[in-house]
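Only one structure is covered here, and it is reproduced in the block below.
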Amino acid sequence: MSLNDNSRFRVKPGGAIKGRLVVPGDKSISHRALMLGAIADGNTTIHGFLQGEDTLATAKAFQQMGVEIDNDGSLVRIKGVGLKGLSESNTPIDLGNSGTSVRLMTGLLSGQLFNTELVGDVSLMTRPMLRIINPLRTMNAELVCSEKGTLPIKISGGHHLKGIEYELPVASAQLKSCLLLAGLYAEGETTIIENQATRDHTERMLSAFSHSVTKNKNRITVSQAEKLVGTEIIVPADFSSAAFFIVAATITPGSDVVLENVGVNPTRNAMLKIMALMGADIELQNERVQSGEPIADIHIKSSDLHGIDIPEELVPIAIDEFPAILVAAANATGTTNLTGAAELRVKESDRIQSMLDGFIATGVQALASEEGMTIEGGRINGGEVNSHGDHRIAMAFAVAGLVAKGPIVINDCENVATSFPGFVELAQTAGMSIDYV
Ligand code: S3P
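Next up, the structure:
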């Protein structure tokens, strides 16, 4: 491994988190704005787009399918081609590390007249895809994947999709969104029944593109679309990226920080409740709605945390925040129990195993189960941690380094750029002693 590349972080303990910070744009919302903008009629402009590797993979995919996307690094302009205006890519579409791109695009591309092959990086090629393929097949889509139920996915176009009623067997917004996007192309209505709430950005964004989705208790229905209408979208800062600074400021004595313009959609923000139950001092200021999404400034002051049993019903709406929350638990007094979180095992890495490995390396007492983890809070030692190529594991242990008994070195951090370009630089501005080594 070469020295001073972007693949290893070293964090020295000490310092407090201060100031007013702006974390990059929301990943989930940026993906959806690109996808709907591409298949809308007319132009779409996206402000605050996440310039991360995952969302850039989605942009490149639509460019490969003939969509003009102009990205000047701050503003993204899309010339929508209409629901049926995409063209076949000459080569397989590589979606890198991005599960959201694959799952949502498979739904969208099942309704096209042409064939598509989707591939990804080593991590993405192992993630479960039958959860989307099986219900899409019942809609009359034709798809094949590997024997293991993973990428590559080959989608055969030209099939007449039919709406279905489908109860989600896993709490997954990617699965729900996949089927809603296929539903735009399907005869009749597509109804998704979700027994646990998951992020509703697709539903909100379809409304912003003038195609309404109806919600009746836990039944979400979309009808076949005649057209979507291009629009202007303002993407809030990503709550899942803010999560690292929420924990950093909470556990580091003397911290006082405001995170500006953060998306606080109630189907995303359960971490605030979990942290409040643990004793955190977090206040939402300046709450408002922008492009159909609730946003706020989040004010965090350091405080002493205590362990809790994390309520299971909050797990799906805090799913991406668990690496950060588990670091908070490692710094709390007493025991924290996480249950009902088996989905963590099929993220960018097996996040239960990756967090356990990191805790073992830094002397935190933790026990993993199939669907969760028990942590005895207290001491975090210095040490060397492997991120397993997972952006959120890397950033979680960077935050742990603030209060460790010695420096923490984190290996394999390149993928931080998938969701949080500029993490190290922003963390330095905030007061962390973090560097590339
Ligand atoms: C996402 C949904 C979640 C989340 C992922 C983004 C989305 O995945 O973990 O980072 O944008 O819909 P699942 O649907 O697999 O829970």
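The sequence shown lines up with residues -5 to 431 when you count with this note's numbering.
Note that CB positions come from ideal geometry on N, CA and C, so glycine has one too.
Asked: Please list, in chain order, all residues of the same chain as residue 245 whose beta carbon is under 8 angstroms from its beta carbon, the five residues on each side excluded.; Found: 296, 299, 321, 322, 325, 393, 396, 397
Asked: Would residue 337 and residue 313 be called neighbours here (beta carbons separated by less than 8 angstroms)?; Found: yes
Asked: For residue 362, which three-state DSSP category applies?; Found: strand
Asked: Please work out which residues of its chain come closer than 7 angstroms, Cβ to Cβ, to residue 404, disregarding the five sequence neighbours upstream and downstream, and give them in chain order.; Found: 2, 3, 379, 381, 388, 391, 392
Asked: Select from 419, 414, 428 the residue whose C-alpha is nearest the C-alpha of residue 49.; Found: 414
Asked: Work out the CA separation of residue 11 and residue 242 for me, nearest whole Å.; Found: 7 angstroms
Asked: Can residue 35 be considered in contact with the ligand S3P, in the sense that its beta carbon sits closer than 7 angstroms to one or more heavy atoms?; Found: no
Asked: Less than 7 angstroms separating the Cβ of residue 198 from some heavy atom of the ligand S3P?; Found: no
Asked: Do three or more CB pairs link the segment 102 to 114 to the segment 253 to 264 at distances below 8 angstroms?; Found: no
Asked: Rounding to the nearest angstrom, what Cα-Cα distance links residue 68 and residue 293 in this structure?; Found: 26 angstroms
Asked: What do you get for residue 335, buried or exposed, if any count of 16 or more other CB atoms within 10 angstroms of its CB means buried?; Found: buried
Asked: Mind checking residue 206: buried by the 16 CB within 10 Å criterion, or exposed?; Found: exposed
Asked: So does residue 22 have its beta carbon nearer than 7 angstroms to some heavy atom of the ligand S3P?; Found: yes
Asked: Beta-carbon within less than 6 angstroms of residue 213's beta-carbon, same chain only, minus the 5 sequence neighbours each way: which residues are those?; Found: 185, 187
Asked: Leaving out five residues on either side along the sequence, give the residues of the same chain with a beta carbon under 6 angstroms from the beta carbon of residue 97.; Found: 126, 168, 172
Asked: Check the DSSP bridge columns for residue 278 and list the partner residues they point to.; Found: 292
Asked: What's the C-alpha gap between residue 248 and residue 52?; Found: 40 angstroms
Asked: Going by the C-beta, is residue 4 closer than 7 angstroms to any heavy atom of the ligand S3P?; Found: no
Asked: Ordered along the chain, which non-local residues of its own chain (more than five positions away) have a Cβ less than 7 angstroms from that of residue 270?; Found: 276
Asked: Which residue comes first and which comes last in the alpha helix (DSSP H) that contains residue 252?; Found: Premise fails: residue 252 lies in the beta strand (DSSP E), 250 to 257, not in any alpha helix (DSSP H).
Asked: Determine the burial state of residue 170: buried for a count of at least 16 other Cβ atoms within 10 Å of its Cβ, exposed for fewer.; Found: buried
Asked: Just the C-alpha distance for residue -4 and residue 34, rounded to the nearest angstrom, thanks.; Found: Its pLDDT being 41, under 50, residue -4 is placed unreliably in this model, and the value from its coordinates should be taken loosely. Their Cα atoms are separated by approximately 45 angstroms.
Asked: Between which two residues does the alpha helix (DSSP H) holding residue 128 run?; Found: 124 to 132
Asked: What are the start and end residues of each continuous beta strand (DSSP E) run of 3 or more residues lying completely inside the segment 187 to 255, in chain order?; Found: 208 to 210, 213 to 217, 226 to 228
Asked: Starting from residue 271, follow the alpha helix (DSSP H) in both directions and report where the run begins and ends.; Found: 264 to 271
Asked: For residue 355, which option in 311, 400, 366, 363 has the closest C-alpha, if you only look at C-alpha atoms?; Found: 400
Asked: Please report the distance separating the alpha-carbon of residue 145 from that of residue 100.; Found: 11 angstroms
Asked: Have a look at the DSSP bridge pairing and note the partners of residue 437.; Found: No answer is possible for residue 437: the residues shown for the chain start at -5 and end at 431.
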